[in-house]
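What follows is a set of notes on a single structure, which appears directly below.
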Amino acid sequence: MTLSVSKLKKVEIPLPPLAEQRRIVAALEDHLSRVEVGEQLLQAALRRSRILIKQVLCHAVPVPGPSHWRQATVGEAGSVELGRQRHPDWHSGPNMRPYLRVANVFEDRIDTSDLMEMDFPPEIFEKFRLSVGDILLNEGQSPELLGRPAMYRGEPAEVAFTNSLLRFRCGPGVDPEWALLVFRRHMHSRRYLRDMRITTNIAHLSAGRFKKVEFPIPPLAEQKEIIQRVHDRLADLERLTEDLAKAGRRADHLRRALLREAFAGRLVAQDPADEPASVLLERIRAERESAPKTRRGRKTRPAKAAPAPEIDPTRPLPEAVGQGTQGALDLGL
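The following block contains the structure:
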């Protein structure tokens, strides 16, 4: 869509007296500068709240843990499986089932608004079918989001997963919520970057390398205590983040309201002593009519450059080659 000059000239704009224009601009700049400062403070607070969330997660799971914790690896703490590979032959068939892929798995959240289906024979589906408490992690992502985890909590029902995801299923003595906390800690501390491999700007975490990552295991009662403490702190920070986001939206609404009031003539008081806008317009019109019209000259085309001299490829190189400007002159350049 374009806006032509002729149409732009026909757009009607409110035109207050010149003195009032200056008062409006001054008041508007003052108010908008205050809004901008407030937004900068909000953005700084939002960044700080995100840092605090990472700090809570990283401090909750020390690596290595205290001496009374079991110092294990992911492979020792549970089982790890890579999902089923997609194939065009399985895009239709008699046993269509929904599956989760990397686009569905966010940190501590599974998005079910965009599910895809694939043909899963019964025995294959049982292998890749998710159970409540399974932790899914992104196998391939941008480096900072590699290993982004979420817990499957039963929705959607009867669903599998593809090989863009890793599945961790807890072993004895490991609470699924603790496993999720450990994996969130590893993501935010960028632990997975030490074991990733890069292909076409995408980082990958193989199942074999993932199994060797540290997985501290405190006693089950202590796991539940830490989980509750972390949940309480994260809930407070999430409420703070939402309040800051709401304040940011209100600042945007305030900016639009200020502009609306300014162009409606309600931002500053009007002064009857101001020169009417009609007088200003008449003076501008008179000055434009009395000004001499300038004639537009014809543009001259630049002269064509002379063709470069041809160089005989059989001509031997002069001894001066490599001796700066004189060498170039000897070559006829």
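Residues in the sequence shown are numbered consecutively from -5, following my numbering. We put the CB at the ideal spot given by N, CA and C, even for glycine.
- In the DSSP assignment, T235 falls within the alpha helix (DSSP H) that extends over L214 to F257.
- Looking at L9, V50, I45 and P8, the one whose alpha-carbon comes closest to that of V224 is V50.
- DSSP lists P92 as the beta-bridge partner residues of E111.
- When secondary structure is reduced to three states using DSSP, A267 falls in the coil class, being assigned neither helix nor strand.
- The Cβ atoms of V68 and F155 do not sit closer than 7 angstroms to each other.
- For S73, the three-state secondary structure derived from DSSP is strand.
- Among the bridge pairs identified by DSSP, P210 is matched with Q65.
- In the three-state reduction of the DSSP assignment, P143 falls in the strand class, which pools E and B.
- A contact is defined here as three or more CB-CB pairs under 8 angstroms, and the stretch 198 to 216 meets this definition with respect to the stretch 72 to 80.
- Your pair W63 and P212 checks out as a contact, with CB atoms roughly 5 angstroms apart and the cut at 8 angstroms.
- In chain order, L238 place their CB closer than 6 angstroms to the CB of L40, counting only its own chain and leaving out the 5 sequence neighbours on each side.
- Leaving aside the five residues that flank E208 on each side, the residues in its chain whose CB is nearer than 6 angstroms to its CB run, in chain order, V57.
- The Cβ-Cβ distance between P115 and N98 does not fall below 7 angstroms.
- In this structure, DSSP gives A197 an extended state, which the three-state scheme calls strand.
- Annotation for L174: D102, I129, P143, A144 and M145 place their beta carbon closer than 8 angstroms to its own, counting only its chain and skipping 5 residues before and after.
- A residue is called buried once 16 or more other Cβ atoms fall within 10 Å of its Cβ, and V96 is buried on that count.
- When the alpha-carbon of R185 is set against those of L139, C164 and L253, the nearest one is in L139.
- Under the three-state reduction of DSSP, Q79 is assigned to coil, being neither helix nor strand.
- Around D105, the same chain offers N98 as residues with beta carbons nearer than 7 angstroms, after the five sequence neighbours per side are excluded.
- Non-local C-beta neighbours of Q135 in its own chain, meaning closer than 8 angstroms and more than five positions away in sequence, comprise V96, G141, R142, I196 and A197, ordered along the chain.
- Counting C-beta pairs closer than 8 angstroms gives three or more between the stretch 16 to 25 and the stretch 253 to 270, which meets the contact rule.
- G72 and K121 have their alpha carbons spaced roughly 16 angstroms apart.
- A buried status is given to E14, since no fewer than 16 other beta-carbon atoms sit within 10 Å of its beta-carbon.
- Non-local beta-carbon contacts of L214 in its own chain, meaning distances under 7 angstroms to residues more than five positions away in sequence, involve G167 and D169 in chain order.
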